[in-house]
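Colleague: Mind looking over this structure? Questions follow.
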Amino acid sequence: MPKTLPIFIAGHRGMVGAAIVRRLQALGYRNLVTATRAQLDLTDQACVRAFFAQHQFSQVILAAAKVGGIHANNSYPADFIYENLMIQANVIAAAHATGVERLLFLGSSCIYPRLAPQPMREDALLTGPLEPTNEPYAVAKIAGIKLCESYNRQHGRDYRSVMPTNLYGPGDNYHPENSHVIPALLRRFRLAVAAGEPEVVIWGSGTPRREFLHVDDMAAASVHVLELSAAVYRAQTTPMCSHINVGTGVDCTIRELAQTVAQVAGFTGNLVFDASKPDGAPRKLLEVSRLQTLGWQASISLADGLRDTYAAYLAAHPEVSAAGPG
106 MPKTLPIFIA
116 GHRGMVGAAI
126 VRRLQALGYR
136 NLVTATRAQL
146 DLTDQACVRA
156 FFAQHQFSQV
166 ILAAAKVGGI
176 HANNSYPADF
186 IYENLMIQAN
196 VIAAAHATGV
206 ERLLFLGSSC
216 IYPRLAPQPM
226 REDALLTGPL
236 EPTNEPYAVA
246 KIAGIKLCES
256 YNRQHGRDYR
266 SVMPTNLYGP
276 GDNYHPENSH
286 VIPALLRRFR
296 LAVAAGEPEV
306 VIWGSGTPRR
316 EFLHVDDMAA
326 ASVHVLELSA
336 AVYRAQTTPM
346 CSHINVGTGV
356 DCTIRELAQT
366 VAQVAGFTGN
376 LVFDASKPDG
386 APRKLLEVSR
396 LQTLGWQASI
406 SLADGLRDTY
416 AAYLAAHPEV
426 SAAGPG
């Protein structure tokens with residue numbers, strides 16, 4: 106892509122969007138356009154259309170989304186499906202209306218059936234029931250993929266989709282109830298160390314297996330996919346299965362993850378697993394050969410990524426960093 110043409114990054118303040126901005130800047134892209142929620146409500150169709158008409162973007166990266174962990178998805182299902190559907194529909198339709206030829210839509214691995222064969226291939230989409238705890242969010246993301254494919258089929262656009270596994274890294278959400286598993290564990294272990302607590306309680310049985318990808322790897326993969334020529338991209342996809350999995354190809358149990366996070370945070374107490382809390386899907390591992398064939402694979406190990414993320418967490422939360430030992 107010419108590095109002087111305007112690129113809109115929707116969701117630049119989120120963990121993934123911010124990482125993508127950093128990646129594009131490091132590669133020499135300078136005409137990056139962003140907008141805060143106060144400046145642009147992506148759920149407002151008229152505002153989005155006016156914004157796109159004003160700027161005439163060359164490329165669009167749709168990283169904006171309402172996201173959260175199991176508790177948030179269970180508690181606010183209507184919010185998750187409505188807001189994500191509106192954001193996606195407004196941005197993708199406005200991109201088409203203003204002549205944007207190439208768009209990258211960021212989805213989620215939760216689009217696959219709860220009991221999909223492991224590791225999950227791209228063609229597992231729509232082959233079985235979804236995980237109930239995040240079904241509304243997953244349905245919205247599936248709709249985003251199909252919206253991109255439909256504009257490609259009907260209008261000849263080049264709208265692409267990448268489906269990341271569980272992401273973590275600097276800039277994550279550390280809300281005590283609405284965060285994902287890694288930021289929740291980092292926060293919980295840090296507070297336990299500061300308070301000298303003898304044990305930490307972790308939701309679920311600890312047996313589900315999950316795959317985790319550092320957000321900087323996700324940003325690198327996203328830009329890599331966006332920069333591929335149309336011919337190369339289409340050679341590895343089909344019109345009705347155009348999305349690409351982004352992951353490491355390696356998973357671990359939640360118990361193993363908790364043990365690693367405890368070591369990073371310096372917690373030496375006991376781990377207690379509360380099996381009365383939901384586990385979610387038993388396993389979620391992506392099959393990533395399509396992306397590897399396209400020339401990209403992850404480079405940040407989980408241990409290194411967790412250390413990096415924990416340092417970023419302490420730097421961003423000085424009140425936590427200063428509290429007690431550790």
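Residues 106 to 431, numbered by this note's numbering, are exactly what the sequence shown covers, in order.
Quick reminder that beta carbons are idealized off the backbone N, C-alpha and C, glycines included.
1) Report all residues from its chain with a CB closer than 7 Å to the CB of His117; omit the five preceding and five following residues, and keep chain order.
2) Apart from the five residues on each side of it in sequence, which residues of its chain come closer than 8 Å, Cβ to Cβ, to Ile101?
3) Going along the chain, which residues of its own chain have a beta-carbon closer than 6 Å to the beta-carbon of Gly354, five neighbours each way excluded?
4) Taking the straight line between their C-alpha atoms, what separation do you get for Arg154 and Val328?
5) Just list the alpha helix (DSSP H) runs in the stretch 180 to 227, keeping only unbroken ones of 4 residues or longer that don't cross its boundaries, in chain order.
6) What residue does the alpha helix (DSSP H) around Asn136 start on, and which one ends it?
7) Exposed or buried, which one is His201 when buried takes at least 16 other CB atoms within 10 Å?
8) When burial is assigned at 16 or more other CB atoms within 10 Å of the CB, is Glu236 buried or exposed?
9) My parser needs the alpha helix (DSSP H) runs of 4 or more residues fully inside the stretch 298 to 337; what are they?
10) Compute the beta-carbon to beta-carbon distance between Tyr279 and Phe317, rounded to the nearest angstrom, for a pair I have assumed lies under 8 Å.
11) Going by DSSP in three states, Met268 sits in which element: helix, strand or coil?
12) Please confirm whether Gln130 has its beta-carbon closer than 8 Å to some beta-carbon of chain C.
13) Cα separation between His319 and Asn239?
14) For the 8 Å Cβ check, are there 3 or more pairs between the stretch 375 to 391 and the stretch 295 to 307?
15) DSSP three-state call for Val165: helix, strand or coil?
16) Based on the DSSP secondary-structure assignment, which residues constitute the bridge partners of Leu376?
Modeller: With the given structure in hand:
1) If the five residues before and after His117 are omitted, its C-beta is found closer than 7 Å to the C-beta atoms of Ala123, Val126, Thr139, all from its own chain and listed in chain order.
2) Residue 101 is absent from the model: the chain starts at 106 and stops at 431.
3) Val393.
4) Roughly 25 Å between the two C-alpha positions.
5) Counting only runs of 4 or more, we get 182 to 202.
6) Where Asn136 is concerned, there is no enclosing alpha helix (DSSP H), given that its DSSP letter is neither H nor E.
7) Buried: at least 16 other Cβ atoms inside 10 Å.
8) Buried.
9) Complete alpha helix (DSSP H) runs here, min 4: 320 to 332.
10) Approximately 16 Å separates the beta-carbon atoms of Tyr279 and Phe317; this is outside 8 Å, ruling out the contact.
11) Strand at Met268.
12) Any reference to chain C falls outside this structure, which holds one protein chain only.
13) When rounded, the distance between both Cα atoms is 22 Å.
14) Touching, yes.
15) For Val165, the secondary structure class from DSSP, reduced to helix, strand or coil, is strand.
16) Paired residue(s): Val305.
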